[in-house]
Each structure stands twice: as structure tokens, then as C-alpha cells.
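Take the sequence shown: its position 65, counting from 1, is numbered 353 in the numbering used here, and each next residue is one higher.
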Amino acid sequence: MTQNTLFHCLTTLVLTLGLVGCRSSSPSTETVVVRPAYGTLEELFQTEIVNLGLEELGYNVIAGSELEYDIIHEAIASHYLDFTASHWQPLHNEYFQENGGTQTMERVGVVVADARQGYLIDQKTAQTYNITSLEQLQDPQLASVFDTDGDGKANLVGCNPGWGCAEEIEQHLDTYNLRDTVEHDQGNYFALIETAIDRYEEGQPILYYTWTPLWVSEVLRPQEDVTWLAVPSGTNGENTATVDGKNLGFAANQIGVLANKDFLDEHPDVKRWFELVNVPLEQVSQQNLRMKQGENTPEQIRQHATEWIQQNQQQFNSWVDEAQSLQ
């Protein structure tokens with residue numbers, strides 16, 4: 289992304305929020321405006337749970353903005369935003385370091401623990417061709433099984449340009465000599481995965497990348513409908529996640545809060561709230577499925593967050609009380 293593009297995005301954000309530099313210095317939390325953001329609509333659920341807690345603490349939380357992850361990091365570091373509850377560690381390490389790291393921002397707590405990423409294919413094709421690993425797709429004949437555009441290469445549903453996972457997929461294609469046999473399909477991930485699901489329902493082979501928490505694995509269930517592909521150990525020099533003894537090729541990620549350092553220093557109660565709040569991964573995926581089924585407006589997602597709090601009221605109240613003790 290060019291500096292001009294970045295400046296334009298941040299300027300648009302400022303005009304949209306109309307709040308830059310307007311956070312009150314009053315000690316009353318009711319006058320403090322808090323500005324969150326998230327990377328995809330599927331991350332709004334956890335963001336709203338965090339927001340509702342901040343409102344209980346007396347803060348004025350504006351509606352979150354859906355932005356690209358690189359823009360979110362730049363905006364938080366530059367005081368255009370206060371926090372995101374969709375910072376993936378280690379996936380977003382590069383964005384973190386590029387924008388000042390610990391000098392400008394702070395990683396706080398784990399909102400969703402042990403998020404996974406990896407490659408999957410449908411069970412029928414896996415069993416028919418005995419495919420268990422990504423490396424097997426070096427074989428042109430095996431790769432062509434997943435060809436959807438007639439060029440003889442496997443079509444892999446991958447990540448949007450600019451997402452951290454897109455870079456990792458590109459690295460895998462180079463590391464495992466897959467450039468000649470596998471094509472990384474990029475664009476709108478959710479449109480591409482919907483097409484893959486349609487192909488699956490028609491009985492055709494599919495090859496795709498996904499992550500958890502997300503609704504995809506609620507629709508295409510691993511070990512039932514689809515199976516994870518193994519990736520050789522040591523990818524990217526990190527400890528990668530495993531499922532059923534298979535190395536997935538991506539590190540397990542902790543999804544937490546990333547906040548502006550000055551903002552946290554000014555509001556220790558907010559920092560403590562960020563440290564405490566957490567949502568089970570499976571429950572985020574289940575909520576995402578409700579979105580897939582049509583309950584996907586911001587108002588409906590906020591209602592999902594409210595329902596989650598009601599179902600976990602005692603725990604939620606204890607988090608709020610502990611954070612409130614620091615006001």
C-alpha cells in the first residue's frame with residue numbers, strides 16, 4: 289500500500305468518525321469517546337462484547353469501523369483509533385512492528401484463544417487419491433483434480449490481498465515448489481469460499497484455506513466433510529499448530545486486543561477490562577454461522593453479543609467489577 293493510499297484511508301477514517309483529537313480530558317468516563325475497529329464483519333461479535341463492557345464502565349463507545357488490518361494498526365499507532373479486538377498474534381507481528389511496536393501500542397489479553405489456520409480438501413477426494421499433505425500437490429496429476437478454470441493447476445481458495453495469511457500462503461507455494469501446479473485464488477474470500485461450498489455440494493473436489501473461529505468449519509466440518517492437509521514441520525521457523533498429528537503449517541494464533549499505548553496509560557480500568565474479557569472460540573464460530581444464515585446486520589450482531597453476555601452474566605459482571613475498581 290502506498291503512503292498516499294494510506295493517508296487517504298486515514299483521512300477518510302477521520303472524517304467518518306469526526307472525533308480525532310476530541311477525547312475529553314474530563315475524569316468522567318462518560319465524556320471519553322472510545323474508537324474501535326475490526327478487520328472483518330465476522331470479528332464484530334467479539335468487538336461488541338468488549339464494547340458493551342466498556343459501556344458498563346461508563347465509556348462512550350462509537351460504532352466500530354471495518355478496515356484492512358494494516359490500516360487498523362497504522363490508525364491505532366497514530367491515535368486515529370483506540371483499539372481493536374481482532375489483533376492476531378503472531379500473524380500480525382509485521383503490522384505491529386512496522387507501526388512502532390511497543391513504543392506506540394500494547395497487546396493486551398487474549399479475547400479468543402488458539403485460533404487455527406490451514407488447508408483442507410473434501411473427504412471424498414482425500415480418500416479416493418490418498419491425499420494427506422500439501423506437498424503431494426507437486427504432482428501435476430493430483431493437482432489437476434482441483435482445477436476449476438481449465439489451466440491444469442489446482443485452484444486454492446486463499447486470502448485477500450493485504451491479509452497476513454496471503455503472504456504466508458505465497459511463502460508456502462515457494463517453499464514447497466508448488467508454483468507450477470497450484471494457483472492461489474485471491475479476491476473476496478467469502479465469495480470464493482461460497483463458490484467452493486457450492487462445488488462441494490455438487491460433489492466436486494475442493495481445496496481451500498480457512499481459519500477458526502469462522503463459520504466455514506461449521507458448514508464444512510473437519511473430519512466429517514473435509515480433512516486438513518499436513519504441511520512439513522518448521523514452516524516459517526515457528527511452532528505451528530497440529531490437528532490429529534498433522535502439522536497445519538501456520539502458528540496457533542491468540543486473538544487479542546491491540547490498543548494505543550497512551551490511551552491505556554490514561555485509562556487503567558480499560559486496560560484491566562481488556563486483560564479479562566474472553567470468548568470461547570467455538571462460540572464465536574457458532575455466532576458466525578448465525579451471520580452466514582442471515583443474521584448479519586450490525587444491529588443483529590450487537591444483539592448476539594448482548595445474548596452472550598446474558599448467558600454469561602455472572603462472569604461478565606465480575607470482569608466489569610474488577611475493572612471498575614481501578615477507576
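Each residue gets a CB set at the ideal place from its N, CA and C atoms; glycine is no exception.
Collapsed DSSP secondary structure at residue i in the structure displayed
i	result
residue 605	helix
residue 540	coil
residue 520	coil
residue 596	helix
residue 324	strand
residue 307	With a pLDDT of 40 at residue 307, under the threshold of 50, the modelled position of that residue is not reliable, and the figure given next carries that caveat. Residue 307: coil per DSSP, three-state reduction.
residue 509	coil
residue 561	helix
residue 313	Summary for residue 313: the model assigns pLDDT 33, below 50, so the residue's position carries little reliability; its value from the coordinates is reported in the next sentence. Note: residue 313 maps to coil in three-state DSSP.
residue 443	strand
residue 475	coil
residue 575	helix
Residue closest to residue i, alpha-carbon to alpha-carbon, out of the options
i	options	result
residue 617	426, 324, 335 and 591	The structure shown does not extend to residue 617, since the chain spans only 289 to 615, so no value can be given for it.
residue 598	321, 340 and 330	340
residue 232	585, 420 and 334	In the structure as shown, the chain starts at 289 and stops at 615, and residue 232 therefore has no counterpart that could be examined.
residue 415	595, 388, 580 and 511	511
residue 424	613, 379, 520 and 558	520
residue 614	549, 545, 554 and 321	554
residue 484	593, 592 and 435	435
residue 454	394, 359 and 477	477
residue 590	581, 352, 359 and 548	352
residue 579	491, 569 and 592	592
residue 611	568, 444, 584 and 557	557
residue 319	335, 347, 334 and 330	347
Nonlocal neighbours in the same chain, by C-beta distance under 8 Å from residue i, ignoring five residues either side
i	result
residue 328	354 and 374
residue 608	341, 344, 345 and 561
CB of residue i within 8 Å of CB of residue j, strictly
i	j	result
residue 450	residue 356	yes
residue 422	residue 586	no
residue 397	residue 552	no
residue 428	residue 469	yes
residue 480	residue 473	yes
residue 596	residue 337	yes
Cβ-based neighbour list, residue i, same chain, cut-off 6 Å, excluding 5 preceding and 5 following
i	result
residue 467	461
residue 369	323, 325 and 363
Residues near residue i in its chain [Cβ-Cβ closer than 7 Å; skip 5 each side]
i	result
residue 411	513, 514 and 515
residue 559	396 and 552
residue 544	375, 377, 395, 396, 397, 398 and 399
Quiz item: Is the stretch 536-544 touching the stretch 400-414 in the sense that three or more CB pairs, one from each, lie closer than 8 Å?
Solution: yes
Exercise. Would you check if the stretch 557-575 and the stretch 494-506 touch, i.e. whether three or more CB-CB distances between them fall below 8 Å?
Key: yes
Quiz prompt | Cβ contact (3+ pairs, closer than 8 Å) linking the stretch 485-499 and the stretch 458-467 | solution = no
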